Amino acid sequence: MAEARPGAVSVAHGVGEGALQRWGRCYAVMVRWHLAGLRMWLVTLTVVQLLAGVGFVLGISLFFAHIPMRAALFVSTGVPVINLVTIGLMLGPQLVADQKANGSYDYLRSMPVTRSVTAAAWYTVCLFGGVPAMVVSLGVARLRYELPLHVSPMIVPAVLLTSFAGTMLGYALGHALGNPMATRLITQLLAFVIFGFAPILFPLSQMPRWLGALNWWFPFRHMAVVTRAALIPGVQAVTSAYIMLALWAIACAALAGRALGRRP
Amino acid sequence: MTVSVVGRHPGHQARSELRSGLGYWLASLVSMVRFDYARAREWMPFMIVVQTMMGAAMALLYGFFYPQVTTTRALYITTGAPTLALIPLGFVMLPSSVAQQKMEGIFDYIWSLPSPRSAQATSTFLLFTLLALPGSLLALLVAAWRYDVHLSVSPLLVPAAVLCALAAITVGYGIALLISDPLVTNVVVNALMFVVLLFSPIVYPASQLPAWLATVHYFLPFYNMAVVIRAGLTSGVVAHVATSFIALAAWTVAGAGATAWVVGRRR
Numbered sequence: 003m004a005e006a007r008p009g010a011v012s013v014a015h016g017v018g019e020g021a022l023q024r025w026g027r028c029y030a031v032m033v034r035w036h037l038a039g040l041r042m043w044l045v046t047l048t049v050v051q052l053l054a055g056v057g058f059v060l061g062i063s064l065f066f067a068h069i070p071m072r073a074a075l076f077v078s079t080g081v082p083v084i085n086l087v088t089i090g091l092m093l094g095p096q097l098v099a100d101q102k103a104n105g106s107y108d109y110l111r112s113m114p115v116t117r118s119v120t121a122a123a124w125y126t127v128c129l130f131g132g133v134p135a136m137v138v139s140l141g142v143a144r145l146r147y148e149l150p151l152h153v154s155p156m157i158v159p160a161v162l163l164t165s166f167a168g169t170m171l172g173y174a175l176g177h178a179l180g181n182p183m184a185t186r187l188i189t190q191l192l193a194f195v196i197f198g199f200a201p202i203l204f205p206l207s208q209m210p211r212w213l214g215a216l217n218w219w220f221p222f223r224h225m226a227v228v229t230r231a232a233l234i235p236g237v238q239a240v241t242s243a244y245i246m247l248a249l250w251a252i253a254c255a256a257l258a259g260r261a262l263g264r265r266p
Numbered sequence: 028m029t030v031s032v033v034g035r036h037p038g039h040q041a042r043s044e045l046r047s048g049l050g051y052w053l054a055s056l057v058s059m060v061r062f063d064y065a066r067a068r069e070w071m072p073f074m075i076v077v078q079t080m081m082g083a084a085m086a087l088l089y090g091f092f093y094p095q096v097t098t099t100r101a102l103y104i105t106t107g108a109p110t111l112a113l114i115p116l117g118f119v120m121l122p123s124s125v126a127q128q129k130m131e132g133i134f135d136y137i138w139s140l141p142s143p144r145s146a147q148a149t150s151t152f153l154l155f156t157l158l159a160l161p162g163s164l165l166a167l168l169v170a171a172w173r174y175d176v177h178l179s180v181s182p183l184l185v186p187a188a189v190l191c192a193l194a195a196i197t198v199g200y201g202i203a204l205l206i207s208d209p210l211v212t213n214v215v216v217n218a219l220m221f222v223v224l225l226f227s228p229i230v231y232p233a234s235q236l237p238a239w240l241a242t243v244h245y246f247l248p249f250y251n252m253a254v255v256i257r258a259g260l261t262s263g264v265v266a267h268v269a270t271s272f273i274a275l276a277a278w279t280v281a282g283a284g285a286t287a288w289v290v291g292r293r294r
């Protein structure tokens with residue numbers, strides 16, 4: 003059919019291909035694209051992720067003369083959350099800011115792939131960048147503190163949703179914020195919040211009450227709740243945490259999608 | 028003869044006469060401070076705000092990690108907070124700023140200026156010391172308020188704070204100059220920060236460390252900074268303050284030596 007219309011050479015490649023097939027092919031290409039873009043960083047990133055995870059798990063015991071089991075349990079089940087969101091939430095916005103600064107951002111936007119493909123590919127990269135570090139951190143924690151960890155099947159939705167919400171929040175920050183300086187500043191602020199001002203690495207009861215209440219409106223507390231519930235027996239998976247996380251993820255994805263769809 | 032030379036090249040003669048000696052050095056220092064200040068003016072207020080907030084935030088967040096903040100813990104966190112606020116400026120922001128200058132090419136431009144490089148380095152020291160102090164002070168005040176700790180400030184605090192700032196900034200500057208690749212600098216300083224925040228006995232006693240790590244820290248600057256600042260804020264809590272002062276002085280000399288070696292060398 004294509005040879006009958008010589009002018010249609012550019013679409014020949016996609017002729018006969020279903021929408022889903024095309025999506026899948028673009029997705030595979032975009033995953034490779036993201037990996038190629040990160041290749042200089044992949045080794046550094048993996049090392050940093052592992053060191054930060056293991057470092058936190060081991061380092062926290064130095065804060066105490068004898069670390070209480072509860073403190074060890076919270077840190078050990080909180081570090082995986084940080085491992086999961088590091089790439090999507092911390093590195094992602096900075097990469098986008100760099101792309102905006104050096105001009106490759108417009109080039110990327112000019113590529114003939116849909117927004118959902120780009121986002122899905124980036125999510126995949128973030129997920130696979132976070133899971134190995136999470137496993138190693140948990141393993142080290144288990145060896146060091148002899149924790150009563152019990153991994154339930156709920157770990158799958160917990161990990162998928164935590165990583166997705168973190169990645170989409172980072173995606174929205176990167177794409178919806180115009181100023182790269184603002185992006186950088188906000189990600190650095192977020193790093194601070196995640197380590198010290200959200201109840202991820204320590205129980206909610208150790209924060210001032212108002213700060214805990216404030217955290218209910220942000221996704222980090224809920225990430226910790228769903229992940230912890232899948233790792234410690236007896237902790238109820240709170241449905242509201244799943245709902246809040248999903249809402250955050252959808253809102254951020256919509257925000258990023260709108261920013262990406264707007265013509266400059 | 029001389030008169031005729033001066034007559035032909037008055038400016039040249041006058042300048043070459045002036046390009047050495049204490050007077051010229053001081054005049055260069057003043058110019059460099061003005062130059063650095065003018066360049067920093069854009070981001071300095073912002074940096075001071077971030078620096079102060081970070082200091083205060085760190086003082087608060089260490090407390091969240093403990094189920095109960097006992098009197099001893101509160102004392103350690105409060106007196107460690109100003110040290111923690113000081114370290115990032117010398118060990119992270121200064122090397123990062125130099126790395127940035129190298130990438131932008133400003134670093135080479137500054138070196139090409141006709142002022143002594145020692146005056147250029149001194150100007151950077153002054154600027155960053157000024158930046159460091161408000162954050163440290165606020166971290167201390169916030170921590171003292173949050174944990175309700177009563178401090179007994181002694182005159183020792185002044186030399187302690189000055190020496191800590193000097194040590195952090197000279198060593199940070201030495202690192203920034205010794206490592207020529209800006210990307211490596213960034214990796215090194217961020218790794219250092221991780222060691223400082225988690226594995227250094229600044230907000231907790233050194234006795235909680237494994238013996239080998241404690242021994243390592245007796246030789247590194249971080250623990251010694253915490254000791255001298257704590258000694259200036261409390262009475263009867265820390266021992267062997269003199270040793271820590273000596274260790275910090277040695278680090279300052281080493282940092283200044285490294286800086287001097289690099290800036291005195293021709294490329």
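Quick note, the sequences are listed as chains A and B, same order.
Here this note's numbering is used: the first residue of the first sequence is 3, the next is one more, and so on.
Here this note's numbering is used: the first residue of the second sequence is 28, the next is one more, and so on.
Ideal Cβ placement from N, Cα and C applies to all residues, glycine included.
Small disclaimer: the values here were computed from a predicted structure and weren't measured.
Could you give the distance in angstroms between the alpha-carbon of residue i and the alpha-carbon of residue j?
i               : j               : result
W218 of chain A : H224 of chain A : 8 Å
G20 of chain A  : V119 of chain A : 15 Å
P55 of chain B  : V290 of chain B : A small fix is needed here, since residue 55 of chain B is Ser in this sequence, not Pro. The straight-line gap from Cα to Cα measures roughly 16 Å.
W250 of chain A : A258 of chain B : 48 Å
L160 of chain B : M85 of chain B  : 15 Å
T116 of chain A : P134 of chain A : 29 Å
P228 of chain B : L240 of chain B : 10 Å
R46 of chain B  : V57 of chain B  : 15 Å
A232 of chain A : V138 of chain A : 17 Å
A187 of chain B : H177 of chain A : 46 Å
G131 of chain A : G55 of chain A  : 13 Å
L151 of chain A : A226 of chain A : 15 Å
Y125 of chain A : L213 of chain A : 30 Å
S150 of chain B : L53 of chain A  : 36 Å
R260 of chain A : G39 of chain A  : 24 Å
F220 of chain A : L179 of chain A : 19 Å
V176 of chain B : I196 of chain A : 27 Å
T46 of chain A  : F62 of chain B  : 36 Å
S207 of chain B : S271 of chain B : 30 Å
V11 of chain A  : P114 of chain A : Confidence at V11 of chain A is low in this model, with a pLDDT of 45, below 50, so its placement is unreliable and the value that follows should be read with caution. Their backbone Cα atoms lie some 15 Å apart in a straight line.
A215 of chain A : Q95 of chain B  : 20 Å
T279 of chain B : T197 of chain B : 6 Å
V169 of chain B : S181 of chain B : 19 Å
F249 of chain B : L129 of chain A : 36 Å
V244 of chain A : V185 of chain B : Val is not the amino acid found at residue 244 of chain A; the sequence shown has Tyr there. Spanning the two alpha carbons is a distance of roughly 53 Å.
M130 of chain B : F92 of chain B  : 39 Å
P209 of chain B : L22 of chain A  : 45 Å
I273 of chain B : F152 of chain B : 20 Å
If we call anything under 7 Å between Cβ atoms a contact, is residue i one with residue j?
i               : j               : result
L190 of chain B : L275 of chain B : yes
A148 of chain B : T286 of chain B : yes
T229 of chain A : T189 of chain A : no
Y103 of chain B : V222 of chain B : no
L116 of chain B : F73 of chain B  : no
T261 of chain B : Y174 of chain B : no
V76 of chain B  : M220 of chain B : no
A174 of chain A : A258 of chain A : yes
G172 of chain A : G90 of chain A  : yes
F226 of chain B : G80 of chain A  : no
H36 of chain A  : A123 of chain A : yes
F222 of chain A : A200 of chain A : yes
S63 of chain A  : A143 of chain A : no
G201 of chain B : Q78 of chain B  : no
L247 of chain A : A167 of chain A : yes
T185 of chain A : P95 of chain A  : yes
T110 of chain B : A253 of chain B : yes
How close, in whole Å, do the beta carbons of residue i and residue j come, if the pair is a contact with beta carbons under 8 Å?
i               : j               : result
P82 of chain A  : M170 of chain A : In fact, because the Cβ distance is near 19 Å, the residues do not count as touching under 8 Å.
A108 of chain B : A166 of chain B : 4 Å
P159 of chain A : A99 of chain A  : Not confirmed; about 31 Å, so no contact.
A194 of chain B : G282 of chain B : 7 Å
M59 of chain B  : S142 of chain B : 6 Å
Would residue i pass as an interface residue toward chain D - the criterion being a Cβ-Cβ separation below 7 Å?
i               : result
Q235 of chain B : Given the protein chain composition of this structure (A and B), no chain D is represented.
Just to check, is the beta-carbon of residue i closer than 6 Å to a non-hydrogen atom of the ligand SAM?
i               : result
A194 of chain B : Because no ligand of any kind appears in the structure shown, any question about the ligand SAM cannot be addressed here.
- request: Could you say if the region 67–78 of chain A and the region 199–217 of chain A meet the contact criterion of at least three C-beta pairs nearer than 8 Å?
  value: yes
message: With a threshold of 8 Å, are at least 3 pairs of Cβ atoms found where one atom belongs to the region 112–123 of chain B and the other to the region 201–215 of chain B?
response: yes
- prompt: Enumerated in chain order, which unbroken segments of the beta strand (DSSP E) with a length of 3 residues or greater are wholly contained in the region 69–94 of chain B?
  reply: none
query: Any contact of the region 231–251 of chain B with the region 49–67 of chain A, i.e. 3+ C-beta pairs under 8 Å?
result: yes
- request: Please go through the region 247–277 of chain B and give each complete alpha helix (DSSP H) segment of 4 or more residues, from N-terminal end onward.
  value: 248–260
Segments assigned alpha helix (DSSP H), at least 4 residues, entirely inside the region 29–88 of chain A: 71–87
message: List, from N- to C-terminal side, the alpha helix (DSSP H) runs of 4 residues or more that fit wholly inside the region 125–152 of chain B.
response: 133–139
task: Could you name each continuous beta strand (DSSP E) segment of 3 residues or more that falls completely within the region 158–184 of chain A, going from the start of the chain to the end?
output: none
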